[in-house]
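Q: Mind looking over this structure? Questions follow.
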Amino acid sequence: VPTAPLPADCCCCRSADAAGTPFFLVEYPHSPLASIHLTCTIRRCVLCQAPTIDIYASSHNMSESSEDVISARAVTRDIFSATIGSVFCCYTGQPFDTVKVRMQTNPAVYSGIFRTVTKTSSEEGIRAFWKGAVPTAMGMALENAMAFGVNEALKRAFPDPNKADPNQRPDLSRPFLMGAITGCCSALVLLPSEVVKAKTQVQVGDHSSNEIFRKMMKKQGIRSMFTGFEAQLMRDGPFYAFFFGSYDLLCYLFRTNVPSMPNELNYFLSGGFAGMLGWAAAMPFDVPKTNVQASWDTKVIGSYFPELIRIGRERGITGLYSGLGPTLARAFPANAALFLGVELAKKGFDDCIWKE
């Protein structure tokens, strides 16, 4: 809030941090945990050079902040919005994912996007592109509930201090770091459904996910649900770092450079491009992961790096990007639908389900 011209001996002028931004701290006398941080920015009129101070106040209460991170409303909102977004994402992107998996696991037969699409549709029908959609939807709902829940909780636990000042650019490196942490957490939830999906998608003919699951239990028991654990971590860490990091970055860039853009279009475009960037970063780790999880003799830990080396030797560096075309083709519409669904679900939750 602009104030009257400041005197030369103003205490704000004498107290400045390393960046030159004046600041001071006011504590409540009866509550040592609570405080108000006032960040002040000194500006001068271009005509008369009169100084003006902009004050931004933010309160921080350690006990209240920790409760807000895991409050019932916040957690319910995260799960609800992630579930709605997952439904949009799954049925939008599943056909592209099936094409990608077949190109990765059997490149001799499925040597290109057009050949894979025509061969699959002519031999198995159009429904074959949605093979594994049910476990994918279930796994995706769990994955996104975990991913968006953890990511939003991290944002609440470690808020960006620059957001308190609209004149300050937000810390755009923070979402990338939080995304990497999110990826490691979501890998634990996603792994069982990813194993079932990978084995189902490479089967030729009419094989349901339930049949594949029963065969897995008979062959390896419960251990079969967690094969390729390190492969999942290697893929999801970089993926979510770029997924959430680039989404926040693109949303900021669109808001800054195209202020007239509707929010819904911003969410759609930012989500689509974030998905493409995430998969481009994770693709070299995804190809060996798919091969490991589609195999029936994979170990829980120890199969990923030998497979990575084998692909590199046999196919070269380009072999690690097998299926990149359909993956990026899927990434834009699927993740655009995901983020749009998540943001709209948040708004609907706030307006109609659980008002603050």
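Under our numbering, residue 429 is the last one in the sequence shown; the count climbs by one each step, no gaps.
Ideal placement from N, C-alpha and C gives every residue a C-beta, glycine not left out.
Keep in mind the model is a prediction, meaning the values are calculated, not measured.
#1: What residue does the alpha helix (DSSP H) around Lys428 start on, and which one ends it?
#2: Gly344 to Val182, Cα distance in whole Å?
#3: Cutting at 7 Å between CB atoms, please list the residues of its own chain near Ala410, excluding the five before and the five after it.
#4: So, for Leu350: in the same chain, excluding its five sequence neighbours on each side, which residues have a beta-carbon less than 8 Å away from its beta-carbon?
#5: Could you check how far apart the C-beta atoms of Asp170 and Gly256 are, in whole angstroms? I think they sit under 8 Å.
#6: From Ser73 to Pro168, what does the alpha carbon distance come to, in whole angstroms?
#7: Quick one: Cα of Pro361 to Cα of Phe231, how far?
#8: Would you give the residue range spanned by the alpha helix (DSSP H) that Leu245 belongs to?
#9: By alpha-carbon positions, which one of Ser395, Glu387, Thr363 and Tyr340 ends up nearest to Ala353?
#10: Which ranges would you report for the alpha helix (DSSP H) in the segment 127-212 if only whole runs of at least 4 residues count?
#11: Is the segment 414-424 touching the segment 143-154, taking contact as three or more C-beta pairs under 8 Å?
#12: Below 8 Å between beta carbons: does that hold for Ala226 and Ser259?
#13: Which term fits Thr329, buried or exposed, when burial requires 16 or more other beta carbons within 10 angstroms of its beta carbon?
#14: Could you check the C-alpha separation between Leu342 and Lys292 for me, to the nearest Å?
#15: For the candidate residues Ala367, Asn283, Gly278 and Tyr325, whose alpha-carbon lies nearest to that of Arg242?
#16: Counting along the chain, where does the alpha helix (DSSP H) carrying Ile382 start and finish?
#17: Report buried or exposed for Pro311, applying the criterion of at least 16 other Cβ atoms within 10 angstroms of its Cβ.
#18: Quick check for students: name the residue ranges of the alpha helix (DSSP H) that lie wholly in the segment 247-291, counting only runs of 4 or more.
#19: How would you write the range of the alpha helix (DSSP H) that Lys420 sits in, first residue to last?
#20: Are the CB atoms of Val373 and Phe302 nearer to each other than 8 Å?
#21: CB-CB under 7 Å to Ala402, same chain, minus the five flanking residues each way: which ones, in chain order?
#22: Would DSSP call Asn330 helix, strand or coil?
#23: I think Gln366 touches Thr273, with their Cβ atoms under 8 Å apart; what is that distance to the nearest whole Å?
#24: What separation, rounded to the nearest whole angstrom, lies between the Cα atoms of Val142 and Ser333?
#25: How would you call Phe358, buried or exposed, if buried means at least 16 neighbouring beta carbons within 10 angstroms?
#26: According to DSSP, is Asn240 helix, strand or coil?
#27: Over the uninterrupted alpha helix (DSSP H) stretch that includes Tyr394, give me the two end residues.
#28: So the candidates are Leu306, Leu413 and Glu387; which of them puts its Cα closest to the Cα of Pro335?
#29: Return the first residue and the last residue of the alpha helix (DSSP H) that Asp359 is part of.
#30: Keeping to the same chain, check which residues put their C-beta closer than 8 Å to that of Ala201; ignore five residues upstream and five downstream.
#31: Would Gly212 pass as a contact of Ser266 if the rule is Cβ separation under 8 Å?
#32: What's the gap between the Cα of Lys236 and the Cα of Ile254?
A: In this structure, then:
#1: Lys428 -> no alpha helix (DSSP H), and no H or E assigned at all.
#2: Distance between the alpha carbons of Gly344 and Val182 is about 33 Å.
#3: Closer than 7 Å at the Cβ level, and outside the excluded window around Ala410, lie Phe161, Cys162 and Thr165.
#4: So the list reads Phe315, Phe316 and Ser319, once near-sequence residues are dropped.
#5: Contact between Asp170 and Gly256 does not hold, since the beta-carbon distance rounds to 18 Å and is not under 8 Å.
#6: Residue 73 falls outside the range modelled here, since the chain spans only 74 to 429, and no answer is possible.
#7: Spanning the two alpha carbons is a distance of roughly 34 Å.
#8: From DSSP, Leu245 is part of no alpha helix (DSSP H); its letter is neither H nor E.
#9: Answer by Cα proximity: Ser395.
#10: Qualifying alpha helix (DSSP H) stretches, in chain order: 135-142, 145-178 and 186-197.
#11: Taking 8 Å as the limit for Cβ pairs, the verdict is that the segment 143-154 does touch the segment 414-424.
#12: Their beta carbons are not under 8 Å apart, which means Ala226 does not touch Ser259 by this criterion.
#13: Taking every protein chain shown into account, the CB of Thr329 has fewer than 16 other CB atoms within 10 angstroms, so this residue is exposed.
#14: Distance between the alpha carbons of Leu342 and Lys292: 44 Å.
#15: Of the candidates Ala367, Asn283, Gly278 and Tyr325, the one whose C-alpha sits nearest the C-alpha of Arg242 is Tyr325.
#16: Note, Ile382: alpha helix (DSSP H), Tyr377 to Arg388.
#17: Buried is the call here.
#18: Taking only runs of at least 4 residues, the alpha helix (DSSP H) segments lying wholly in the segment 247-291 are 247-274.
#19: Unbroken alpha helix (DSSP H) run through Lys420: Leu397 to Gly421.
#20: In this structure, Phe302 lies closer than 8 Å to Val373 by Cβ.
#21: Cβ contact annotation for Ala402 (same chain, cutoff 7 Å, sequence separation greater than five): Phe169, in chain order.
#22: The answer is helix: DSSP assigns Asn330 an H, G or I state.
#23: Contact annotation, Gln366 with Thr273: C-beta distance approximately 11 Å; criterion of less than 8 Å not satisfied.
#24: About 32 Å.
#25: Buried: at least 16 other Cβ atoms inside 10 Å.
#26: In the structure shown, the three-state DSSP call for Asn240 is coil.
#27: No alpha helix (DSSP H) holds Tyr394; DSSP gives it neither H nor E.
#28: The residue among Leu306, Leu413 and Glu387 with its C-alpha nearest the C-alpha of Pro335 is Leu413.
#29: Here the alpha helix (DSSP H) through Asp359 covers Asn336 to Ala367.
#30: Contacts found: Thr171, Thr193 and Ser194.
#31: Contact: yes.
#32: In this structure, the CA atom of Lys236 is about 21 Å from the CA atom of Ile254.
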